[in-house]
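Working notes for the structure below.
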Amino acid sequence: MSRLVVISNRLPLGDNPSGGLVVALDDALRSSGGLWIGFSGETVAQPSDTLTFHDGAPFQRASFDLADADHDAYYLGFSNSVLWPLCHGRADLTDIVPDHANGYRRVNARIARLMVEHLRPDDRIWVHDYQLFPLAAELRALGVRNPIGHFLHIPFPGPADCAAMPNPHELFEWLSQYDLLGFQAQRDLSNFTESARQLAEIEHLDGNRIRLCGRMLRRDVFPIGIDTASFIAEARNAQEEDRMRTLTGAQMMIGVDRLDYSKGIPQRFRAFQLLLENHPELHERIAFLQIAPPTREAVEAYRDIREETEHLAGRINGQFATVNWTPIRFIHRPIPRHVLAGLYRQARIGLVTPLADGMNLVAKEYVAAQDVSDPGVLILSRFAGAAETMGEALIVNPHDPWEMSEAMARAMCMTANERRQRHSILLRGVVEQDVSWWSAGYLDALAMTQ
Ligand code: ADQ
Numbered sequence: 001m002s003r004l005v006v007i008s009n010r011l012p013l014g015d016n017p018s019g020g021l022v023v024a025l026d027d028a029l030r031s032s033g034g035l036w037i038g039f040s041g042e043t044v045a046q047p048s049d050t051l052t053f054h055d056g057a058p059f060q061r062a063s064f065d066l067a068d069a070d071h072d073a074y075y076l077g078f079s080n081s082v083l084w085p086l087c088h089g090r091a092d093l094t095d096i097v098p099d100h101a102n103g104y105r106r107v108n109a110r111i112a113r114l115m116v117e118h119l120r121p122d123d124r125i126w127v128h129d130y131q132l133f134p135l136a137a138e139l140r141a142l143g144v145r146n147p148i149g150h151f152l153h154i155p156f157p158g159p160a161d162c163a164a165m166p167n168p169h170e171l172f173e174w175l176s177q178y179d180l181l182g183f184q185a186q187r188d189l190s191n192f193t194e195s196a197r198q199l200a201e202i203e204h205l206d207g208n209r210i211r212l213c214g215r216m217l218r219r220d221v222f223p224i225g226i227d228t229a230s231f232i233a234e235a236r237n238a239q240e241e242d243r244m245r246t247l248t249g250a251q252m253m254i255g256v257d258r259l260d261y262s263k264g265i266p267q268r269f270r271a272f273q274l275l276l277e278n279h280p281e282l283h284e285r286i287a288f289l290q291i292a293p294p295t296r297e298a299v300e301a302y303r304d305i306r307e308e309t310e311h312l313a314g315r316i317n318g319q320f321a322t323v324n325w326t327p328i329r330f331i332h333r334p335i336p337r338h339v340l341a342g343l344y345r346q347a348r349i350g351l352v353t354p355l356a357d358g359m360n361l362v363a364k365e366y367v368a369a370q371d372v373s374d375p376g377v378l379i380l381s382r383f384a385g386a387a388e389t390m391g392e393a394l395i396v397n398p399h400d401p402w403e404m405s406e407a408m409a410r411a412m413c414m415t416a417n418e419r420r421q422r423h424s425i426l427l428r429g430v431v432e433q434d435v436s437w438w439s440a441g442y443l444d445a446l447a448m449t450q
């Protein structure tokens, strides 16, 4: 079997790297003697011009450092202040700086140069996410003819958002150099096709084959899953955390997100406020736990969202709290996985209401963690990729606080029978379409490109 080479923005480091993607790719990397390449997470004054190899995983890992200025331009700048907001429908939050676009191209070109001497002629190369769109084009420019696939973890922008990129045609030229483009949801495939039609040249050939900017390639939908079996086991074994005892007496509603404007956290706080205004009978009967560790705080839009959410939570607690009851608890720290699994299991409602999201793994983790005899209710945004396959959740419009608050009220009084019926269908999907199913499907499709 030919070797699998994976490249993602961050290399999973540590002696025992874990996380969904690592689990998904572990088998394929291990059995093919594979290699995973990524950023070390370190910025330095003078980055080395070779990859650094790391021991400790059953497959090879190699990292590169970045110069401070390159990290600012490539990661904070073009990736997270242009591409991320555009892919999440927030052109208003972009910060377009020509130097950042140059830095993005420069870093991708450097990664290609670092990689190329380690590639073998029959390697399969799998590139992950929006930080690395130009990588295949840079590798092709260095003479690499191997099969190269790309998987986009976040939504693909529609024509209006693509048109707000500094040089939209360039995006499609970059993408045309892959052999397989993978998307999370049908929505993304449609956006890609329509944007390419309006801003570049695309022709549908047959099946999943297209000609994009003159080059033949394939594209398809591969909805990512979680490591379901291990998550179910973790939730079953989870011990109740001491601090949660303070919530007894009320049913818990849980939200777990990176603190990001795409996740719709202020909108869900407002919906919860409306619930408490319109349903006094639920006072002291429902407690909302929102876990949201800050990310990317060097970017201004992320500092703003933190202030807004803290302010809202304070206001709602000030308005409704009693001596015995704090309506919203807001935790800003990452939580160990087994604790998270236990919290999901205790929660009567899982609240997953992003304004835009590639897939959203929290929705799947919440379902996997439930006690099948007395499961909770998932409230899910129609704008999460997960909504395409999780129709048995209560599907809501995250911009509509009335609809969301009524879904919360409905979940609170839903019969055990209805909860079990909905949950068993959701669970079947999460079990069948887990992360190994996802990676196997993608790698089969990549093999078909040859
Ligand atoms: P993210 O935007 O990071 O991922 P998501 O899919 O929800 O979003 O994954 C978050 C992960 O982090 C989950 O596994 C969750 O359990 C964990 N997590 C979140 N908050 C945590 C906390 N406080 N403590 C511990 N763990 C926490 C991107 C895309 C998504 C896509 C994934 C995978 O934006 O749409 O589903 O990639 O492709």
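So for the sequence shown, UniProt numbering puts the first residue at 1; every next one is plus one.
Just so it is clear, CB atoms sit at the ideal spot from N, CA and C, and this is done for glycine as well.
Values in this document were obtained by computation on a predicted structure and should not be read as measured data.
Backbone CA spacing between aspartate 257 and arginine 236 [nearest angstrom]
Going by the C-alpha atoms only, they are around 22 angstroms apart.
What do you reckon, is the C-beta of tyrosine 338 under 7 angstroms from a heavy atom of the ligand ADQ?
A small fix is needed here, since residue 338 is histidine in this sequence, not tyrosine. False, no ligand heavy atom lies under 7 angstroms from that Cβ.
My guess is that leucine 446 and leucine 180 are in contact by the Cβ rule of under 8 angstroms, so how many angstroms apart are they, rounded?
Indeed, because the Cβ distance is near 5 angstroms, the residues count as touching under 8 angstroms.
Report the rounded CA-to-CA distance for glutamate 42 versus tyrosine 302, giving the unit in angstroms.
In a straight line, the C-alpha of glutamate 42 is about 21 angstroms away from that of tyrosine 302.
Any chain D beta carbon closer than 8 angstroms to serine 79
Included in the structure is just one protein chain, with no chain D present.
Cβ of aspartate 68 within 7 angstroms of any heavy atom in the ligand ADQ?
Annotation for aspartate 68 indicates a beta carbon at 7 angstroms or more from all heavy atoms of the ligand ADQ.
Could you tell me whether any non-hydrogen atom of the ligand ADQ is closer than 7 angstroms to the CB of asparagine 324?
Not so, every heavy atom of the ligand ADQ lies at least 7 angstroms from the Cβ.
What runs of the beta strand (DSSP E), each 3 residues or longer, lie entirely inside the segment 101–135?
If we require 3 residues or more, the beta strand (DSSP E) runs fully inside the segment 101–135 come out as 124–128.
Hey, out of Ala136, Met216, Glu406, whose CA is closest to glycine 207's CA?
In terms of Cα proximity to glycine 207, the closest of Ala136, Met216, Glu406 is Met216.
Please classify leucine 276: does DSSP put it in a helix, a strand, or coil?
Three-state result, leucine 276: helix.
Look up glutamate 297 in the DSSP assignment and say whether it is helix, strand or coil.
Reduced to three states, the DSSP call for glutamate 297 is coil.
Cβ-heavy atom distance between glutamate 365 and the ligand ADQ below 7 angstroms?
Yes; taking the cut-off as 7 angstroms, the Cβ of glutamate 365 has a heavy atom of the ligand ADQ nearer than that.
Using CA atoms only, rank isn't needed, just tell me which of Lys364, Arg61, Ile395 is closest to isoleucine 224.
Isoleucine 224 has its Cα closest to that of Lys364, out of Lys364, Arg61, Ile395.
DSSP three-state call for isoleucine 154: helix, strand or coil?
Of the three classes helix, strand and coil, the one that applies to isoleucine 154 here is coil, per DSSP.
Apply the 10 Å Cβ neighbour rule to tryptophan 438 and answer buried if 16 or more other Cβ atoms are within range, or exposed otherwise.
Under this definition tryptophan 438 is a buried residue.
Below 8 angstroms, how does it come out for the segment 191–205 and the segment 363–378: are there three or more Cβ pairs, yes or no?
Flag = no, the segment 191–205 and the segment 363–378 do not touch.
From Lys263, Leu132, Ile125, pick the residue whose C-alpha is nearest to that of isoleucine 148; which is it?
Out of Lys263, Leu132, Ile125, Ile125 has the C-alpha closest to the C-alpha of isoleucine 148.
Residue burial classification, alanine 160 (beta-carbon count within 10 angstroms, cutoff 16)
Label assigned to alanine 160: exposed.
What distance in whole Å lies between the Cβ atoms of glycine 103 and tyrosine 74, which are believed to be in contact at a cut-off of 8 angstroms?
5 angstroms between Cβ atoms; contact.
Between which two residues does the alpha helix (DSSP H) carrying threonine 326 extend?
If you look at threonine 326, you'll find it isn't in any alpha helix (DSSP H); DSSP assigns it neither H nor E.
What I want to know is whether the C-beta of leucine 181 ends up closer than 7 angstroms to one or more non-hydrogen atoms of the ligand ADQ.
Leucine 181 Cβ: outside cutoff for every heavy atom of the ligand ADQ.
Cα-Cα, which of Ser40, Met1, Arg209, Gly182 is closest to glycine 14?
Restricting attention to Ser40, Met1, Arg209, Gly182, the CA atom closest to the CA of glycine 14 is found in Ser40.
Contact set for glutamine 290: own chain, Cβ-Cβ below 6 angstroms, skip 5 residues either direction
Gly255, Phe330.
Would you check if the segment 149–158 and the segment 188–198 touch, i.e. whether three or more CB-CB distances between them fall below 8 angstroms?
Yes, the segment 188–198 touches the segment 149–158.
Tell me isoleucine 395's beta-bridge partners as DSSP assigns them.
According to DSSP, isoleucine 395 shares a beta bridge with Leu380.
Looking at the ligand ADQ, does it come within less than 7 angstroms of valine 362, judged from the CB to the closest heavy atom?
For the ligand ADQ, at least one heavy atom lies less than 7 angstroms from the Cβ of valine 362.
To the nearest angstrom, report how far apart aspartate 134 and isoleucine 226 are at their CA atoms.
Correcting the residue identity first, residue 134 is proline in this sequence and not aspartate. The straight-line gap separating the alpha-carbon atoms of proline 134 and isoleucine 226 is approximately 28 angstroms.
Which of helix, strand or coil DSSP assigns to isoleucine 316:
In the structure shown, isoleucine 316 adopts helical secondary structure according to DSSP, grouped into three states.
Measure the alpha-carbon distance for isoleucine 287 versus alanine 233 and round it to whole angstroms.
Checking the sequence, you will find alanine at residue 287 rather than isoleucine. Cα to Cα, the separation comes out at about 26 angstroms.
Do valine 5 and leucine 51 have their C-beta atoms within less than 8 angstroms of each other?
Cβ distance not < 8 angstroms, so valine 5 and leucine 51 don't count as in contact.
Just to confirm my understanding: we take leucine 132, look at its own chain, exclude 5 residues before and 5 after, and list those with CB closer than 8 angstroms. What are they?
Cβ neighbours of leucine 132 beyond the five flanking positions: Ile7, Ser8, Asn9, Asn108, Ile111, His150.
Within this structure, are the beta carbons of phenylalanine 222 and glycine 182 separated by less than 8 angstroms?
Cβ atoms of phenylalanine 222 and glycine 182: closer than 8 angstroms.
Do glutamine 433 and threonine 389 count as a contact pair if the criterion is CB distance below 8 angstroms?
Yes, Cβ-Cβ distance for threonine 389 and glutamine 433 is below 8 angstroms.
Terminal residues of the beta strand (DSSP E) in which valine 23 lies:
Per DSSP, valine 23 is not a residue of any beta strand (DSSP E); the alpha helix (DSSP H) it occupies stretches across 20–31.
What is the C-beta distance between residue 451 and leucine 394, in whole angstroms, given that I count them as a contact (C-beta under 8 angstroms)?
Missing from the structure shown is residue 451; the chain here goes from 1 to 450 and no further.
With a threshold of 7 angstroms, establish whether the CB of aspartate 257 neighbours any heavy atom of the ligand ADQ.
At least one heavy atom of the ligand ADQ is nearer than 7 angstroms to the Cβ of aspartate 257, so yes.
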